[in-house]
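Q:
2 protein chains.
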Amino acid sequence: MQTRESVLRVREYFIELQTTICNALAEADGTATFSLKPIQTPNGGLAQPRVLAGGQHIEKAAVQFTHSVGDALPAAATERNPHLAGAPFQATAISMIVHPTNPMVPTTHMNLRFFIVDVDEPVWYFGGGYDLTPYYGNQQDCVHWHETASMATGDHYPKLKAQCDEYFYLGHRQECRGIGGIFFDDWTDGGFEASLKFVQQVGNSLLPAYLPIFEARKLEPFTEQEKDFQLYRRGRYAEFNLAIDRGTKYGLQSGRRIESVLASLPPVVKWVYDYQAPPGSKEAQLTDYYLKPKDWLAPNLAP
Amino acid sequence: MQTRESVLRVREYFIELQTTICNALAEADGTATFSLKPIQTPNGGLAQPRVLAGGQHIEKAAVQFTHSVGDALPAAATERNPHLAGAPFQATAISMIVHPTNPMVPTTHMNLRFFIVDVDEPVWYFGGGYDLTPYYGNQQDCVHWHETASMATGDHYPKLKAQCDEYFYLGHRQECRGIGGIFFDDWTDGGFEASLKFVQQVGNSLLPAYLPIFEARKLEPFTEQEKDFQLYRRGRYAEFNLAIDRGTKYGLQSGRRIESVLASLPPVVKWVYDYQAPPGSKEAQLTDYYLKPKDWLAPNLAP
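Protein chains in written order, with this note's numbering: chain H, 758 to 1060; chain Y, 758 to 1060.
#1: Closer than 8 Å by beta-carbon distance: list the chain Y residues that pair up with Glu996(H), in chain order.
#2: Any heavy atom of the ligand NAP closer than 8 Å to the CB of Gln805(H)?
#3: On the DSSP letters alone, give me the boundaries of the beta strand (DSSP E) that Tyr882(Y) sits inside.
#4: I'd like the ranges of any beta strand (DSSP E) spanning at least 3 consecutive residues and lying wholly in the stretch 928-965 of chain H.
#5: Closer than 9 Å by beta-carbon distance: list the chain H residues that pair up with Ala810(Y), in chain order.
#6: Using CA coordinates, which residue listed in Ser1038(H), Arg837(H) and Pro845(H) is at the minimum distance from Phe941(H)?
#7: For Gly827(H), collect the residues of the same chain with a Cβ closer than 6 Å to its Cβ; drop the 5 residues on either side in sequence, then sort them by chain order.
#8: So what does DSSP say about Gln821(H), is it helix, strand or coil?
#9: Give the interface partners of Arg930(Y) over in chain H, defined as CB-CB distance under 8 Å, in chain order.
#10: Verify the CB distance criterion: does Lys817(H) have a CB-CB separation below 9 Å to chain Y?
#11: State the Cα-Cα distance for the pair His866(H) and Gly811(Y), rounded to the nearest angstrom.
#12: Determine, for Leu1009(Y), whether the minimum Cβ-Cβ distance to residues of chain H falls below 9 Å.
#13: Taking contact to mean at least 3 C-beta pairs separated by less than 8 Å, is the stretch 1032-1040 of chain H in contact with the stretch 855-872 of chain H?
#14: Counting Cβ pairs, one atom from each stretch, are 3 or more of them under 8 Å apart for the stretch 945-963 of chain Y and the stretch 765-780 of chain Y?
#15: Measuring CA to CA, which of Ile873(Y), Arg766(Y) and Phe971(Y) is closest to Gly787(Y)?
#16: What do you get for His840(Y), buried or exposed, if any count of 16 or more other CB atoms within 10 angstroms of its CB means buried?
#17: Quick one: grab the DSSP three-state call for Ile851(Y).
#18: By how many angstroms is the C-alpha of Asp943(H) removed from the C-alpha of Ala906(H)?
#19: With distances taken from CA atoms, which of His824(H), Pro863(H) and Gly843(H) is nearest Gly894(H)?
#20: Could you tell me the alpha carbon to alpha carbon distance between Asp912(Y) and Gly960(Y), rounded to whole angstroms?
#21: With DSSP run on the structure shown, which of helix, strand or coil describes Ala973(H)?
#22: Between Pro924(Y) and Gln982(H), what straight-line distance do the alpha-carbon atoms span, to the nearest angstrom?
#23: With Arg870(Y) as the anchor, note down where its beta strand (DSSP E) starts and where it stops.
#24: Please tell me whether Ala1025(H) and Arg991(H) are closer than 9 Å, where the distance is taken between their beta carbons.
#25: Using a Cβ cut-off of 9 Å (strictly closer), state whether Thr798(H) contacts chain Y.
#26: Taking 6 Å as the limit between beta carbons, can you name the residues of its chain near Leu1043(Y), skipping five residues before and five after?
#27: Which value, in whole angstroms, describes the spacing of the CA atoms of Val1029(Y) and Tyr967(H)?
#28: Would Ala1000(H) be called buried (16 or more neighbouring beta carbons within 10 Å of its own) or exposed?
#29: Glu878(H): buried (16+ other C-beta within 10 angstroms of its C-beta) or exposed?
#30: Please confirm if Leu988(H) has its CB atom under 9 Å from at least one CB of chain Y.
#31: Give the straight-line distance between the Cα atoms of Arg974(H) and Thr890(H), rounded to the nearest whole angstrom.
#32: Quick one: Cα of Gln797(Y) to Cα of Thr849(Y), how far?
#33: For Thr777(H), tell me which candidate among Leu765(H), Phe791(H), Val764(H) and Val900(H) has the shortest Cα-Cα distance.
#34: Are Tyr1050(Y) and Ala919(Y) closer than 9 Å when you measure CB to CB?
#35: List, in order along the chain, the chain Y residues whose C-beta lies closer than 8 Å to that of Leu1022(H)?
#36: Report back the beta-carbon spacing between Asn921(H) and Asp888(H) to the nearest angstrom; my notes put them in contact at under 8 Å.
Structural data, given as structure tokens:
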């Protein structure tokens, strides 16, 4: 396996996926478009952050591609492989987040990444996944989301779903970030070709998983109070990204362009001291029902 | 030195200071008051979070007292004394943050704390300080702030000022959080009596340092654009507290009441992708001039 060639193949797919996602999201929004400003980095690296802000239905979306060529792998990137810290590496990744305007539309996040470390026998792995964070829960949406994830990942789904629930957890709130999805790391299953194909299946399933939900909810009416609840819940997102997320830690440590690292942060956030949702309200149902890990593929789940 | 007696004396001062500060801030606001809901904790501890929200001039302020009695000191609290991790301890602290409505009024933060660890020879220390975070810089305010801090801390001021600049720094932004103030940790200077007196001088100087600035600026006119800039800059505050601050890390690890730990977060925050202040604007002056560490006591500084 040649390092250069495998990185280029992953890179090509990620760039293509970035274009596809940006075009689809811009079309779903209907008014705004994504910025495009490629930034060449030393040693053949490339950063291509694309951001859409102030759209009709999308308040902010960031879809970012990066390919970095580095001399020494930072510790945060190698928590599971500490012996690789300090070795030359290449990393390429696509990450996406959508913060919709309408609180009835869930936020979604996807990340796919490939690391290859230039030691005697190159060590490489893929990682990634996607997850959904509703503000107002909708059972049908959750089932569709997980069914699509399950179709894309087949037999791996139960494990990847459990890993997602585990990773996107705010210990200090004792709350899941959302209703989950799939999450994988250190992925080498079946070798490079099979792994790349698997990652492509995941990447290609993001739009079929998310767009139908987005389209079904983007025109639903909502009150100012419901918008406020969305802004309040976005605080959890900021807490997770800044205080917990490994990707953000890696970004902050590695000296990557900070506006790209933090482009995932919500456009507007409210922190309300000691907010308590009225018992039985839709707001209470979010944490009492939707944010509890459950088998979304099993029938007859009634909120 | 008896552990119980020394903790109680510090506790008494912190509770008194909390009352003084809350009364003064409520009066300065003119319409809103602080919540008061003491929470007794096991083993004789006490948490007394006090929050004012939605005032006329204060959008949110949190003044919190805590006294905790613990079986095992968490690692984050003992970074400088790792051999104490796991020992029984008592900790008492007051922390304060003010997020004003008017962007011409700076945000301020104060923290005073006392730790005592029950090992054979009790190990104790004070820590704390205060700092100022303007959105629109004002040279006169900065000089007044630092002059008051200097009077309260005397010969210690230069060292404590430098430590404050060092601590309240966002490495990922290469920016200071504000225009500084004073910061100290592991403070045992001159023994317990002298240290307590020193901490009282610091605590008692907070209102004389902050209120004149608050009063001078709270009625200044401001535009919607200037308010937006304040919300944008508050993002830095959230980034610091969630991703960097040692106090928050300790709070998240120690399982303290999360609404108290995160009460310092701003009420409303905006993250704007890749914002660039127009060169020469007041907004650019903030980062180009005010947020660069400097000797605020030296005369003839012209922005």
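The beta carbon of each residue, even a glycine, is placed where N, CA and C say it ideally should be.
A: According to the structure shown:
#1: On the first sequence, position 239 is the one that residue 996(H) refers to. Here the neighbours are Leu999 and Leu1019.
#2: Ligands are entirely absent from the displayed structure, and the ligand NAP is therefore not among its contents.
#3: To locate residue 882(Y), count along the second sequence from 1; it is residue 125. Tyr882(Y) -> beta strand (DSSP E) spans Val880 to Thr890.
#4: Within the stretch 928-965 of chain H, the complete beta strand (DSSP E) segments of 3 residues or longer fall at 937-944, listed in chain order.
#5: Numbered from its first residue, the second sequence carries residue 810(Y) at position 53. By Cβ distance, chain H contributes Val1029 and Tyr1030.
#6: For the purposes of this step, residue 941(H) is taken as residue 184 along the first sequence, with counting starting at 1. Nearest option by C-alpha distance: Arg837(H).
#7: On the first sequence, position 70 is the one that residue 827(H) refers to. For Gly827(H), where only same-chain residues beyond five positions count, the Cβ hits under 6 Å are Phe846.
#8: Here residue 821(H) corresponds to residue number 64 of the first sequence, with the count starting at 1. If DSSP states are grouped into helix, strand and coil, Gln821(H) belongs with the strands.
#9: As a working mapping, residue 930(Y) is identified with position 173 in the second sequence. Within 8 Å Cβ-Cβ: Ile1015.
#10: In the first sequence, counting from the first residue as 1, residue 817(H) sits at position 60. Interface with chain Y (9 Å Cβ-Cβ cutoff): Lys817(H) is included.
#11: Counted from its first residue, the first sequence places residue 866(H) at position 109. Counted from its first residue, the second sequence places residue 811(Y) at position 54. His866(H) and Gly811(Y): Cα-Cα distance of roughly 33 Å.
#12: Counted from its first residue, the second sequence places residue 1009(Y) at position 252. Yes, contact with chain H.
#13: With fewer than three CB-CB distances shorter than 8 Å, the stretch 1032-1040 of chain H does not count as touching the stretch 855-872 of chain H.
#14: Yes: the two stretches touch, three or more of their Cβ pairs being nearer than 8 Å.
#15: In the second sequence, residue 787(Y) corresponds to position 30, counting from 1. Gly787(Y) has its Cα closest to that of Phe971(Y), out of Ile873(Y), Arg766(Y) and Phe971(Y).
#16: By one-based count along the second sequence, residue 840(Y) stands at place 83. Per the 10 Å Cβ criterion, exposed.
#17: The sequence position of residue 851(Y) within the second sequence is 94, counting from 1. Look at Ile851(Y) here: in three-state DSSP terms it is strand.
#18: If you number the first sequence from 1, residue 906(H) lands on position 149. If you number the first sequence from 1, residue 943(H) lands on position 186. Take the alpha-carbon of Ala906(H) and the one of Asp943(H): they are about 19 Å apart.
#19: By 1-based counting over the first sequence, the position of residue 894(H) is 137. Distance from the Cα of Gly894(H) is smallest, within the candidate group His824(H), Pro863(H) and Gly843(H), for Pro863(H).
#20: Counting from one through the second sequence, the residue named residue 912(Y) turns up at place 155. Counting from one through the second sequence, the residue named residue 960(Y) turns up at place 203. When rounded, the separation of the alpha-carbon atoms in Asp912(Y) and Gly960(Y) is 17 Å.
#21: Within the first sequence, residue 973(H) is the residue found at index 216, counting from 1. Helix, per DSSP.
#22: As a working note, residue 924(Y) is residue 167 in the second sequence. As a working note, residue 982(H) is residue 225 in the first sequence. The sequence given here places Tyr at residue 924(Y); Pro does not occur at that position. Cα to Cα, the separation comes out at about 38 Å.
#23: Indexing the second sequence from 1 puts residue 870(Y) at position 113. Arg870(Y) -> beta strand (DSSP E) spans Thr864 to Val874.
#24: Your numbering for residue 1025(H) matches position 268 in the first sequence. Your numbering for residue 991(H) matches position 234 in the first sequence. Ala is not the amino acid found at residue 1025(H); the sequence shown has Val there. Contact: yes.
#25: Numbered from its first residue, the first sequence carries residue 798(H) at position 41. Not one chain Y Cβ lies under 9 Å of Thr798(H).
#26: By one-based count along the second sequence, residue 1043(Y) stands at place 286. Result list for Leu1043(Y): Gly894, in chain order.
#27: As a position in the second sequence, residue 1029(Y) is number 272, starting the count at 1. As a position in the first sequence, residue 967(H) is number 210, starting the count at 1. Between the alpha carbons of Val1029(Y) and Tyr967(H) lies a gap of roughly 24 Å.
#28: Along the first sequence, read from residue 1 onward, the residue named residue 1000(H) stands at position 243. Ala1000(H) is buried by the Cβ-count criterion.
#29: What you label residue 878(H) is simply residue 121 of the first sequence in a count that begins at 1. The residue in question, Glu878(H), is exposed, as its Cβ has fewer than 16 Cβ neighbours within 10 Å.
#30: Taking the first residue of the first sequence as position 1, residue 988(H) is located at position 231. Closer than 9 Å to some Cβ of chain Y, the Cβ of Leu988(H) qualifies, so yes.
#31: The residue given as residue 974(H) occupies position 217 in the first sequence. The residue given as residue 890(H) occupies position 133 in the first sequence. Approximately 14 Å between the Cα atoms of the pair.
#32: Translated into positions along the second sequence, residue 797(Y) becomes position 40. Translated into positions along the second sequence, residue 849(Y) becomes position 92. Put simply, the backbone Cα of Gln797(Y) is about 14 Å away from that of Thr849(Y).
#33: Looking up residue 777(H) in the first sequence gives position 20. By alpha-carbon distance to Thr777(H), the top candidate from Leu765(H), Phe791(H), Val764(H) and Val900(H) is Phe791(H).
#34: Taking the second sequence and counting its residues from 1, one reaches residue 1050(Y) at position 293. Taking the second sequence and counting its residues from 1, one reaches residue 919(Y) at position 162. The residue you asked about is not Tyr; residue 1050(Y) is Pro in the sequence shown. Taking 9 Å as the cut-off, the beta carbon of Pro1050(Y) is found closer than this to the beta carbon of Ala919(Y).
#35: As a working note, residue 1022(H) is residue 265 in the first sequence. Listed by position along chain Y, the residues whose Cβ is nearer than 8 Å to that of Leu1022(H) are Gly992 and Trp1028.
#36: As a first step, residue 921(H) is located in the first sequence; it is residue number 164 there, counting from the start. As a first step, residue 888(H) is located in the first sequence; it is residue number 131 there, counting from the start. Note on identity: in this sequence residue 921(H) is Cys, with Asn being the wrong assignment. Their Cβ separation, rounded to whole angstroms, is 6 Å, which keeps Cys921(H) and Asp888(H) in contact under 8 Å.
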